[in-house]
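**Q** Starting off with a structure, shown below.
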């Protein structure tokens, strides 16, 4: 990190909010990634990636959201200028070079996601004549077949965690396993962070499993908000998602997001 | 040297019903909107539109000019979804070919290289294969004996009958310069068309003068891939055309709001779309001041 102004004094005694726990969970998703392009979608994943870069994952590469890589780690909503300016161009054409090289970890949103991590952002209902047209498959098919992929779902509910997604955009662990040729060897689903919990794909057969619940949430509540049977909810004790440290809280409240954008995403 | 400057209406008059038309830009960024407005006025229909889609797709759909859309997304960036694309899809009134956005890139590249397909992992395992039953896979001929060879998606070439892009500067020979941060895939849209390769520009200068406005690398289109050049100030408006102007967010919001009802759309269309490009510029100047370009948010 270079050029960031010293964080202003923020009140770190106030208990962490749910949104702040989610930021930490998103940051943790990038732990160990090293010098790869982190592509977070949404305010809380963006804050997570920036927090990770300012603390335990300093080599992460981040774009300015337009067509360049940022040399510094500015607060969300601040254009990268001055000492926080850009270090190299990254137009869309070059993004595909990175995607197909594998040096990337994307955290996408999911309108629907199933137990194997198949993700849908294309449309709801029958594809031929959908009940609701969404944005389209975008880069989800290529992302999931080429590099690490995580998801962020700000509203964990049976409407988003479904038995079957209507259009498989991001490829799940079952679909990847069905590919017999070595073409699926870069498929790498990591975690799903939601407003309630952190999930991974360590269940039997690559199924979704509860990794941790956010403080104040019970495994039963997570299961109730999930439209399929979730592994790891019963029996053994489910750990709690870790809380931000005082230093992390100060970075988040005093520097990265003084306006509290993180809270509006969960409102 | 041939002077490639032509009028907007002259280039658009070369379109025919049923043609496949590629449109450059990305989402609601540097779209050839003056050309789209000219297509709306021309009456040509039954088009197949290939686009990293934004309001270009929406406007053509609103006017009923589109038979099929080849896309990876349609978005207005600051507004997630285009109302006309939503409406057309939910009514089932158009054909679509929905591809991963990287597949779209490879399809244009294959067309410009004159090869039938290019291989990729993108698409494997996803429903892109289900909803495009014509997509095929290929097996690598370079497999190691005794090991399974890789099977990849063979993205078919996406040849275009015509292509439109909008750039910051062009010269009369047909070289094009992008001064903003991202050239997107504009050169490939032009490359994927064998003829009718049309480039609009904020300003057209004399050959050799592009270096006055930017470095050599900013000239991303050469005259090898253009047939006509049209000077169109605010030719991407209301989408962004950095650094000349940002997106006119207010007009984009009004475009979305107007789509909600027939009467509001009729008055939006009458004010901004129906008369001429001069009429559009006059209306925009009236709404946003003498230099509307300065108002947008980058």
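Protein chains in written order, with the numbering used here: chain Y, 3 to 269; chain V, 11 to 308.
Note that the Cβ used here is the ideal one computed from N, Cα and C, for glycine as well.
(1) Using the three-state DSSP reduction, which class does residue 27 (chain V) fall into: helix, strand or coil?
(2) List the endpoints of the continuous beta strand (DSSP E) containing residue 211 (chain Y).
(3) Pull up the CB-CB distance for residue 173 (chain Y) and residue 120 (chain Y), whole angstroms please, since I reckon it's below 8 angstroms.
(4) With distances taken between CB atoms, is the gap from residue 348 (chain V) to residue 186 (chain Y) smaller than 8 angstroms?
(5) Contact defined as beta carbons within less than 8 angstroms: I believe residue 231 (chain V) pairs with residue 181 (chain V). What is the distance between those atoms, to the nearest angstrom?
(6) For a test of the three-state rule: what should DSSP assign to residue 205 (chain V), helix, strand or coil?
(7) Using a C-beta cutoff of 8 angstroms, does residue 138 (chain Y) count as contacting chain V?
(8) Inspect the beta-carbon positions of residue 216 (chain V) and residue 241 (chain V) and report whether they are closer than 8 angstroms.
(9) Whose C-alpha, out of V:117, V:121, V:137 and V:39, is nearest the C-alpha of residue 130 (chain V)?
(10) Would you mind working out which of Y:13, Y:118 and Y:213 sits nearest residue 240 (chain Y), comparing C-alpha positions?
(11) Buried or exposed: residue 13 (chain V), going by 16 or more other Cβ atoms within 10 Å of its Cβ?
(12) Between the C-alpha atoms of residue 298 (chain V) and residue 146 (chain V), what's the straight-line distance to the nearest angstrom?
(13) Count the other CB atoms, across all protein chains shown, that sit within 10 Å of the CB of residue 20 (chain V); report buried if there are 16 or more and exposed otherwise.
(14) Just grab the DSSP bridge partners of residue 185 (chain V) for me.
(15) Could you give the DSSP three-state label for residue 242 (chain V): helix, strand or coil?
(16) Using DSSP with H/G/I as helix, E/B as strand and the rest coil, what is residue 107 (chain V)?
(17) Going by DSSP in three states, residue 257 (chain V) sits in which element: helix, strand or coil?
(18) List the DSSP bridge partners of residue 242 (chain Y).
(19) Among V:149, V:252, V:205 and V:109, which one has its Cα closest to the Cα of residue 179 (chain V)?
(20) Select from the stretch 95-106 of chain Y all residues with a C-beta closer than 8 angstroms to any C-beta belonging to chain V, and list them in chain order.
(21) Are the CB atoms of residue 208 (chain Y) and residue 118 (chain Y) within a distance shorter than 8 angstroms?
(22) Assign residue 72 (chain Y) to one of two classes, buried (16 or more other C-beta atoms within 10 Å of its C-beta) or exposed (fewer than that).
(23) Of all Cβ atoms in chain V, is any one closer than 8 angstroms to the Cβ of residue 8 (chain Y)?
(24) List the endpoints of the continuous beta strand (DSSP E) containing residue 161 (chain V).
(25) Use the C-beta contact count for residue 247 (chain Y): other C-beta atoms within 10 angstroms, 16 or more gives buried, fewer gives exposed.
(26) Can you tell me whether residue 93 (chain V) is buried or exposed? The criterion is at least 16 other CB atoms within 10 Å of its CB, across all chains shown.
(27) So within the stretch 97-150 of chain Y, which uninterrupted beta strand (DSSP E) runs reach at least 3 residues, ignoring any that extend past its ends?
(28) Could you tell me the distance, in whole angstroms, from the CA atom of residue 250 (chain V) to the CA atom of residue 260 (chain Y)?
(29) Under 6 angstroms Cβ to Cβ from residue 72 (chain V), same chain only, skipping five residues before and after it: list those, please.
**A** The short version:
(1) coil
(2) Residues 211-215.
(3) 7 angstroms
(4) No answer is possible for residue 348 (chain V): it lies beyond the span of chain V, which begins at 11 and ends at 308.
(5) 10 angstroms between Cβ atoms; not a contact.
(6) coil
(7) yes
(8) no
(9) Out of V:117, V:121, V:137 and V:39, V:117 has the C-alpha closest to the C-alpha of residue 130 (chain V).
(10) Residue 240 (chain Y) has its Cα closest to that of Y:213, out of Y:13, Y:118 and Y:213.
(11) Answer is exposed; the Cβ neighbour count stays below 16.
(12) 50 angstroms
(13) Burial state of residue 20 (chain V) is exposed, judged by a 10 Å Cβ sphere holding fewer than 16 other Cβ atoms.
(14) For residue 185 (chain V), no pairing in a beta bridge is given by DSSP.
(15) coil
(16) Under the three-state reduction of DSSP, residue 107 (chain V) is assigned to strand.
(17) strand
(18) Y:215
(19) V:252
(20) 95, 98, 101 and 102
(21) Yes, Cβ-Cβ distance for residue 118 (chain Y) and residue 208 (chain Y) is below 8 angstroms.
(22) buried
(23) For residue 8 (chain Y), the pLDDT reaches just 49, beneath the cut-off of 50, and the residue's location in the model is therefore unreliable, although a value from the coordinates is still provided. So no, residue 8 (chain Y) is outside the interface.
(24) 161-166
(25) Label assigned to residue 247 (chain Y): exposed.
(26) buried
(27) 106-111
(28) 29 angstroms
(29) Once the five neighbours on either side are set aside, the close Cβ partners of residue 72 (chain V) are 94.
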